[in-house]
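In the numbering used here, the protein residues as written are 485 to 810. Just so you know, even glycine gets a beta-carbon here, dropped at the ideal spot from N, CA and C.
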Ligand SMILES: [Mn+2]
């Protein structure tokens, strides 16, 4: 049976929906939540929106962003929800403990584009397109609902974020057609760019400078590290560390970029970006994480230098194997 039809059937037979996405959300997560919620409301449905970490500051321009509840704002109201919809989230663990507990008890529709999605829903609609908001747009159209200006802007944000403004390998003509249609529906493309890329605090620039000055480049791998001390010295926040790994990837001759971020308690957050072949979701998978071919990540317990050594060795091997096969 057609998945969109299955989802539409469930939606038409219920009234209250809890819509969630992964922790530390970015524009594809929040845009999918807001776009879908607004569309369901057109159909007279009630929606509750949840995200463990709330909405990042740079997405507060999206209409309805104030209605997304964080973990400590989730009240008993949530228990009234009949159906859960999880968007842009590969695994229930990524909802956070509270969210996971709630969604385990709800019949859940899982709408996502991550290739490593664990199919945790009772309906799973997983398509390897560039952004989950593309799938949400298809669903809204399929249900015969209107993509109005706020929905178009929310969905367009997801496309911009997950393609790095149409720069990634995942860009194809379908995606560009979808983006064009969203603009026809009123998506405010300029304000998406301003909010996503031109609202950075000065502390972020300072932090970027610090981190890049310590970067290393060897064997087609470029990498850098962030320690709590560096963040403190730049007077920066954890949020300010977003996007740094993308700058590393710009290096000519680099096949893989990695950022090693030391978190409290000897845990290292590893962010990976690739170009020219290597599948970094496999690297992340090796260390208990996941993601996409060109963008992935994992959390690894251990000392910074040990984790660096292990992860870099794994990447080096893959680059070698890759060369052998091509
Ligand atoms: Mn996404």
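Where are the alpha helix (DSSP H) runs, 4 residues long or more, that stay fully inside the stretch 570-633, in chain order?
-> 580-588, 616-626
Whole angstroms is fine: what's the gap from residue 675's alpha carbon to residue 625's?
-> 24 Å
Could you tell me whether the stretch 569-588 touches the stretch 513-532, using the rule of 3 or more Cβ pairs below 8 Å?
-> Per the Cβ contact rule, the stretch 569-588 is in contact with the stretch 513-532 (3 or more Cβ pairs under 8 Å).
Which stretch, first to last residue, makes up the alpha helix (DSSP H) that contains residue 686?
-> 686-697
What is the rounded straight-line gap between the Cα of residue 789 and the Cα of residue 798?
-> 14 Å
Should residue 585 and residue 536 be called a contact, given that it needs their Cβ atoms to be closer than 8 Å?
-> By the CB criterion at 8 Å, residue 585 and residue 536 fall outside the cutoff.
Cβ-heavy atom distance between residue 663 and ligand 1 below 7 Å?
-> no
Expected contact under 8 Å - CB spacing of residue 812 and residue 609 to nearest Å = In the structure displayed, the chain extends from 485 to 810; residue 812 sits before or after that span and is not available.
Measure the alpha-carbon distance for residue 629 versus residue 617 and round it to whole angstroms.
-> So the two alpha carbons sit approximately 15 Å from each other.
So which of 576, 740, 523 has the shortest CA-CA distance to residue 729?
-> Of 576, 740, 523, the residue nearest in Cα terms is 740.
Exposure label - residue 715; buried when at least 16 CB within 10 Å = Residue 715 is buried by the Cβ-count criterion.
Report all residues from its chain with a CB closer than 8 Å to the CB of residue 603; omit the five preceding and five following residues, and keep chain order.
-> 594, 610
Check whether the Cβ atoms of residue 498 and residue 562 sit closer than 8 Å, and answer yes or no.
-> no
Beta-carbon contacts of residue 713 that lie in its chain and below 7 Å, excluding the five residues immediately before and after = none
Element boundaries [beta strand (DSSP E), containing residue 746] | In the DSSP assignment, residue 746 falls within the beta strand (DSSP E) that extends over 740-747.
Name the two residues that bound the continuous alpha helix (DSSP H) containing residue 489.
-> 487-496
Are residue 778 and residue 759 close, meaning C-beta to C-beta below 8 Å?
-> Residue 759 sits close to residue 778, with the two beta carbons spaced by under 8 Å.
Evaluate the contact criterion for the stretch 683-691 versus the stretch 719-726: three or more CB pairs, one atom per stretch, below 8 Å.
-> Result yes; three or more Cβ-Cβ pairs closer than 8 Å.
What does residue 783 pair with, by DSSP beta-bridge criteria?
-> Beta-bridge pairing by DSSP links residue 783 to 753.
Between the C-alpha atoms of residue 540 and residue 510, what's the straight-line distance to the nearest angstrom?
-> 7 Å
Is it the case that the CB of residue 597 approaches a heavy atom of ligand 1 more closely than 7 Å?
-> yes
In angstroms with no decimal places, state the Cα-to-Cα distance between residue 793 and residue 744.
-> 11 Å
Would you grab the beta carbon distance between residue 548 and residue 521 for me? Rounded to a whole angstrom, and I think it's under 8 Å.
-> Between residue 521 and residue 548 the Cβ distance is about 7 Å, and since that is below 8 Å, they are a contact.
Taking residue 600 as the reference, give the member of 500, 763, 655 with the closest Cα.
-> 763
Report all residues from its chain with a CB closer than 6 Å to the CB of residue 638; omit the five preceding and five following residues, and keep chain order.
-> Leaving aside the five residues that flank residue 638 on each side, the residues in its chain whose CB is nearer than 6 Å to its CB run, in chain order, 515, 518, 519, 546.
Nonlocal neighbours in the same chain, by C-beta distance under 6 Å from residue 771, ignoring five residues either side = 782, 784
Where residue 682 falls: helix, strand or coil (DSSP) = coil
How big is the Cα-Cα spacing for residue 703 and residue 657?
-> 34 Å
Residue 717 classed as buried or exposed, judged by whether at least 16 other C-beta atoms fall within 10 angstroms = exposed
Beta carbon of residue 564 nearer than 8 Å to that of residue 500 = yes
Whose C-alpha, out of 654, 583, 590, 633, is nearest the C-alpha of residue 613?
-> If we check each option's Cα against that of residue 613, 654 comes out closest.
If you check the beta carbons only, do residue 643 and residue 659 fall under 8 Å apart?
-> yes
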